[in-house]
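Count along the sequence shown from 1, add 5, and you get the number used in our numbering. Every residue, glycine too, gets a C-beta built ideally from N, C-alpha and C.
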Amino acid sequence: MSEYLVIVESPAKAKTIERYLGKKYTVKASMGHVRDLPKSQMAVDTENNYQPKYITIRGKGSILKDLKSSAKKAKKVYLAADPDREGEAIAWHLAHALKIDEDSDCRVVFNEITKDAIKESFKHPRPINMDLVDAQQARRILDRLVGYNISPLLWKKVKKGLSAGRVQSVALKMIIDRENEIKNFKPEEYWSITADFEKDKEAFEGKFYGINGKKKELANESDVNHVLNQLEGKKFTISKVNKRERRRNPAKPFTTSSLQQEAARKLNFRAKKTMMIAQQLYEGIDLGKKTGGITGLITYMRTDSTRVSNVAVQEANEYINNTFGSNYVGNNRKTSQSKGAQDAHEAIRPTSIMRHPDTLKDILSRDQYRLYKLIWERFLASQMSPAVLDTMTVHMLNNNVEFRASGSKVKFPGFMKVYIESKDDQKKEENKFLPDLEEGMVIDAKDITPNQHFTQPPPRYTEARLVRTMEEKGIGRPSTYAPTLDTIQKRGYVTIDQRRFFPTELGEIVVDLLKEFFPEIIDVDFTAKMETDLDSIEEGKHHWVDIIDDFYKDFEKRLKVAENEMAKVEIKDEPAGIDCEKCGHAMVYKMGRYGKFIACSNFPECRNTKPILKKIGVKCPKCQKGDIVERRSKKRRLFYGCDQFPECDFVSWDKPIVRSCPKCDNLLVEKRTKKQTQIKCTSCDYIEDPEN
């Protein structure tokens with residue numbers, strides 16, 4: 006038996022660390038928590054300082070038995086769970102189960118699974134940090150008190166299988182509030198005037214700014230006509246040309262939140278998928294014996310910090326200097342942390358910038374490669390110099406009516422040579438050149454066009470936008486975003502269509518009940534303050550019992566009122582308008598894990614179900630009888646097929662359109678890419694100009 010036993014959370018991590026530490030160390034995995042609150046009961050003694058009752062998790066008995074046996078034979082046991090509150094709590098539970106003194110130097114933490122980081126961490130073991138443990142315990146107990154009290158109430162008053170929680174209920178309310186904003190939105194009319202100018206056969210666009218040097222808004226067509234009537238012909242005199250140099254700084258390295266947002270925007274990853282793949286990259290990938298065996302490729306992926314170690318900065322600077330030149334090396338400016346950030350560990354970055362994504366492309370899975378490449382490029386760009394842009398604004402006058410045109414071009418790309426951060430609903434960035442223009446020049450407007458617009462409602466939340474908003478408002482913490490979004494979908498409170506959240510009737514009913522009887526549970530400010538209070542436990546400023554007691558005293562009173570006064574809500578199944586072909590009973594709409602579907606009302610005697618097929622108004626080109634409908638693959642990817650399936654097996658990933666190809670009369674489809682949408686023929690080389 007080896008002299009030392011090291012306990013980590015996952016087998017993948019165990020293999021990597023054991024290889025780094027050598028023969029004296031045996032590394033075993035606890036497979037996450039070994040103890041927890043039982044699922045079958047509250048297990049929190051509200052009469053005795055909220056003391057939790059922990060039990061060995063079902064299925065973990067054999068693991069714990071093996072760990073106990075190994076611990077007895079070892080000279081010393083090191084607890085090396087993840088470097089966060091959850092990891093500290095796992096270490097504490099292991100210490101209790103294995104009878105290890107929590108005040109001894111038994112705890113080892115590391116932010117990255119590399120040979121140097123692992124060996125360095127074992128030089129500095131420490132006692133278990135009880136402030137971290139208490140902060141995790143407080144969150145777990147608080148969530149148990151809320152969930153195990155409100156959820157049974159919802160089962161009794163609404164339907165079984167529902168749940169309520171501190172963070173998930175607030176996230177759901179935010180989605181519903183946004184939906185109500187959209188429903189109640191009243192569009193307001195406004196206008197703009199654009200002019201197409203030309204100078205020495207170079208065309209550029211200008212927009213109406215104002216009259217007599219003052220900016221003027223165009224509220225209606227009358228305002229537009231007033232401006233057009235004041236114009237004297239189409240000749241404009243350039244009154245002013247402003248040229249300046251603008252610097253654009255790179256985005257900071259990834260935090261958990263920003264990684265989830267960017268992976269959603271650039272890779273179309275759900276938050277849950279992003280975290281799963283990031284975990285794999287962190288715990289280690291087998292790169293082969295020649296390139297280091299199992300190696301952790303990124304630093305710890307649950308963090309709210311943008312801080313980077315000096316060693317990583319130095320390595321990045323050397324790489325940038327050697328690859329791009331010294332003028333691309335950044336100035337390593339200090340980055341400010343977001344409100345409420347714990348700054349417990351570094352930003353998410355590659356463990357070595359020298360490990361270029363392209364050298365790993367044949368080793369990693371497609372999704373692992375794409376996420377690693379995103380992290381690698383973001384970190385490298387964050388250490389590079391700002392981009393420099395030449396900007397130009399031109400003021401043009403015609404009888405005191407002012408139009409303006411602006412343009413910019415990249416003078417020095419800096420970090421943009423590697424990576425540019427995306428934004429929600431952003432338009433494609435491109436250089437807008439203006440011809441050489443000088444004050445006093447007279448130029449012609451070829452066309453002057455008034456344009457009517459209407460204000461748009463706020464957009465529905467995507468996962469990325471919701472995560473960003475939760476972070477900005479202080480709702481939840483890095484480890485909670487992905488499971489929160491997953492829970493509200495599984496409960497049937499929301500559906501996702503075109504990557505945007507839509508609340509269901511069930512979600513609205515639950516929020517209305519919580520709003521009436523437990524307003525603090527869905528109050529954004531209250532929940533944010535609770536997060537701050539939990540953070541204060543970690544910082545040693547407050548005792549966890551006091552924080553929970555302050556909350557529970559009022560909560561308990563509201564619970565008693567709700568039990569007596571909450572009316573029972575009956576959710577009737579909506580008729581689908583068709584009869585079951587198996588038993589003849591009416592079919593109804595039901596809500597499932599993946600949204601609505603059609604089921605027999607004679608359930609459970611008849612278990613016939615059907616998907617809801619959405620027609621797109623195109624006849625099947627193969628059988629000429631059926632209609633093309635939207636369908637979903639097992640991985641929930643949208644595709645198009647014939648509603649006569651299985652008699653007709655026509656399928657297409659691209660959306661068919663009504664018109665036929667003008668060249669060969671075959672099927673046209675809408676081909677979408679990140680950059681554009683094109684109309685293409687499925688049989689010949691015809692491609693339709695997207696501008697037409």
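Spatial distance of Ser343 from Glu579 (CA atoms): Summary for Ser343: the model assigns pLDDT 49, below 50, so the residue's position carries little reliability, and this model does not support an answer.
Do Asp136 and Gly479 have their C-beta atoms within less than 8 Å of each other? Not a contact, by the Cβ cut-off of 8 Å.
Distance between Gly622 and Pro464 (C-alpha atoms, nearest Å): Approximately 27 Å, taken between the alpha carbons.
Is the beta carbon of Ala34 sitting closer than 8 Å to the one on Trp549? One thing to note: Ala34 has its Cβ no nearer than 8 Å to the Cβ of Trp549.
Using alpha carbons as the reference points, say which of Lys668, Arg470 and Ile68 lies closest to Arg270. Checking every option, the nearest Cα to that of Arg270 belongs to Arg470.
On the DSSP letters alone, give me the boundaries of the alpha helix (DSSP H) that Leu272 sits inside. Segment Thr261 to Leu272, the alpha helix (DSSP H) holding Leu272.
For chain B, check one thing: does any of its Cβ atoms lie closer than 8 Å to the Cβ of Pro132? No chain B appears in the structure shown, which is made up of a single protein chain.
Would you mind reading off the limits of the alpha helix (DSSP H) that contains Val516? Per DSSP, Val516 belongs to the alpha helix (DSSP H) from Glu510 to Phe522.
Within the continuous alpha helix (DSSP H) that includes Arg183, where are the two ends? Annotation for Arg183: the continuous alpha helix (DSSP H) segment containing it runs Arg171 to Asn189.
I'd like the span of the beta strand (DSSP E) that includes Gly92, first residue to last. Per DSSP, Gly92 belongs to no beta strand (DSSP E); it is in the alpha helix (DSSP H), Arg90 to Ala102.
State yes or no: is the C-beta of Lys240 within less than 8 Å of the C-beta of Val447? Contact flag set, yes.
Starting from Thr396, trace the beta strand (DSSP E) in both directions and tell me its first and last residue. Annotation: the continuous beta strand (DSSP E) that includes Thr396 extends over Ala392 to Asn403.
Coarse secondary structure for Arg375, derived from DSSP in three states: Helix at Arg375.
If we ignore side chains and look at the alpha-carbon of each, how far apart do Ser370 and Arg473 end up? Answer to the nearest angstrom: the Cα atoms are 28 Å apart.
Contact belief for Leu394 with Lys414 at Cβ below 8 Å, rounded distance in angstroms: Right, the Cβ-Cβ distance comes to about 7 Å (below 8 Å), so this counts as a contact.
Taking all protein chains shown into account, do 16 or more other C-beta atoms lie within 10 angstroms of the C-beta of Trp381, making it buried, or fewer, making it exposed? By the neighbour-count rule (16 or more Cβ atoms within 10 Å), Trp381 is buried.
Within the continuous alpha helix (DSSP H) that includes Ile493, where are the two ends? It spans Tyr486 to Lys495 - the alpha helix (DSSP H) in which Ile493 sits, taken as one unbroken run.
According to DSSP, residues forming a beta bridge with Glu675: Looking at the DSSP output, Glu675 shares a beta bridge with Lys660 and Ile684.
Is it true that the CB of Ile243 sits closer than 8 Å to the CB of Val350? According to the sequence as given, residue 350 is His; it is not Val. Contact: no.
Leaving out five residues before and five after Met397 in sequence, what residues of the same chain have Cβ atoms less than 6 Å from its Cβ? Hits under 6 Å: Lys248, Gly412 and Leu439.
Answer with buried or exposed for Glu700, where buried requires no fewer than 16 other C-beta atoms within 10 angstroms of its C-beta. Here the chain has residues from 6 to 697 only, and residue 700 is not among them.
Ordered list of alpha helix (DSSP H) runs contained in the stretch 617-652, each at least 4 residues: Counting whole runs of 4 or more residues, the stretch 617-652 contains no alpha helix (DSSP H) stretch at all.
Is the beta carbon of Val49 less than 8 Å from the beta carbon of Thr532? Cβ atoms of Val49 and Thr532: not closer than 8 Å.
Just how far apart, CA to CA, sit Ile187 and Asn254? Those two C-alpha atoms are separated by around 34 Å.
His458: buried (16+ other C-beta within 10 angstroms of its C-beta) or exposed? Its Cβ having fewer than 16 others within 10 Å, His458 is exposed.
Can you tell me which of the three DSSP states Glu426 falls into? Under the three-state reduction of DSSP, Glu426 is assigned to coil, being neither helix nor strand.
If you compare alpha carbons, which of Lys416, Phe417 and Leu402 is closest to Ala410? Ranking Lys416, Phe417 and Leu402 by Cα distance to Ala410 puts Leu402 first.
Can you tell me whether Val316 is buried or exposed, with buried defined as 16 or more other CB within 10 angstroms of its CB? By the beta-carbon neighbour count (other beta carbons within 10 angstroms, threshold 16), Val316 is exposed.
For Tyr594, name the three-state secondary structure that DSSP assigns. DSSP places Tyr594 in strand when its eight states are reduced to three.
Here's the rule: buried if 16 or more other CB atoms are within 10 angstroms of the residue's CB, otherwise exposed. What is Met535? By the 10 Å Cβ count, Met535 comes out buried.
Looking at Lys587: is its Cβ nearer than 8 Å to the Cβ of Ile603? With respect to the 8 Å criterion, Lys587 and Ile603 are not classified as neighbours on the basis of their beta carbons.
CB-CB under 7 Å to Asn217, same chain, minus the five flanking residues each way: which ones, in chain order? In its chain, beyond the 5 residues on either side, Asn405 have a beta carbon closer than 7 Å to the beta carbon of Asn217.
Counting pairs of beta carbons, one from the stretch 293-313 and one from the stretch 352-372, are three or more of them closer than 8 Å? Using a Cβ-Cβ distance cut-off of 8 Å, the stretch 293-313 and the stretch 352-372 are in contact, since at least three pairs of beta carbons, one from each stretch, lie closer than that value.
Using 8 Å as the threshold, is the C-beta distance between Pro483 and Arg637 below it? Their beta carbons are not under 8 Å apart, which means Pro483 does not touch Arg637 by this criterion.
Taking all protein chains shown into account, decide if Pro88 is buried (16 or more other Cβ within 10 angstroms of its Cβ) or exposed. Taking all protein chains in view, the Cβ of Pro88 is crowded by 16 or more other Cβ atoms within 10 Å, so the residue is classified as buried.
Please report the Cβ distance between Leu99 and Lys73, rounded to the nearest whole angstrom; I am assuming they are in contact, meaning their Cβ atoms lie under 8 Å. Contact between Leu99 and Lys73 is ruled out by a C-beta separation of about 10 Å, above the 8 Å threshold.
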